[in-house]
Amino acid sequence: MKYSNATNYALHTMVHLMLQPGGSSVGVQELAEMQKLSPTYLSKILTKLTKAGLIESTPGAKGGYKISRTKDEISFLDVINAIEGETSLFDCSIHHEGCLIENVMRQAEENMKDELGAKLLIDIAKEAEAKQKS
Numbered sequence: 008m009k010y011s012n013a014t015n016y017a018l019h020t021m022v023h024l025m026l027q028p029g030g031s032s033v034g035v036q037e038l039a040e041m042q043k044l045s046p047t048y049l050s051k052i053l054t055k056l057t058k059a060g061l062i063e064s065t066p067g068a069k070g071g072y073k074i075s076r077t078k079d080e081i082s083f084l085d086v087i088n089a090i091e092g093e094t095s096l097f098d099c100s101i102h103h104e105g106c107l108i109e110n111v112m113r114q115a116e117e118n119m120k121d122e123l124g125a126k127l128l129i130d131i132a133k134e135a136e137a138k139q140k141s
């Protein structure tokens, strides 16, 4: 199982936005340069994060993106779902009632979702900030 590169970039972008003082906005160019991405590609990721209500966009020369929810409410799972969608990772190819393999896979997926839902991005942002200061 592997998440897309877009999820990786989205998680890094979200942590960077959380580190902005006073919730200030950051332009797409700066965010793209930070991750060595094309602004066009990153804009597609930012659009998904905006549609999910995780960030907001301010248009104009002084505009940019900033976190739109309380920072301690955003989990890894929120960002992953915004980019990857909420579909199941496993789809049993043999469609029959009560598939034992599917039951195991779905339970594992639920456990992973519980874990990712409990991990907040703000905790990683605080760690990153502390690391930068030392």
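Taken in order, the sequence shown gives residues 8 to 141; the numbers are from this note's numbering. Every residue, glycine too, gets a C-beta built ideally from N, C-alpha and C. Note that the structure is a prediction, hence the values are computed from the model and not measured.
DSSP-derived helix/strand/coil call for residue i
| i | result |
| --- | --- |
| residue 133 | helix |
| residue 81 | coil |
| residue 68 | coil |
| residue 96 | coil |
Endpoints, the alpha helix (DSSP H) within which residue i is located
| i | result |
| --- | --- |
| residue 120 | 107-125 |
Beta-bridge pairing of residue i - partner residues as DSSP gives them
| i | result |
| --- | --- |
| residue 91 | Note: residue 91 sits in no beta bridge, so no partner. |
| residue 63 | 73 |
| residue 35 | Beta-bridge pairing links residue 35 to no other residue. |
Which listed residue (the options) has its alpha carbon closest to that of residue i
| i | options | result |
| --- | --- | --- |
| residue 81 | 15, 12, 22 and 96 | 22 |
| residue 3 | 101, 73, 85 and 97 | Any property of residue 3 remains undetermined from this structure, which presents the chain solely from 8 to 141. |
| residue 35 | 89, 55, 135 and 49 | 49 |
| residue 32 | 41, 70, 17 and 55 | 70 |
Along the chain, which unbroken stretches of the alpha helix (DSSP H) at least 4 residues long are found entirely within the stretch 8-57?
12-25 and 35-42
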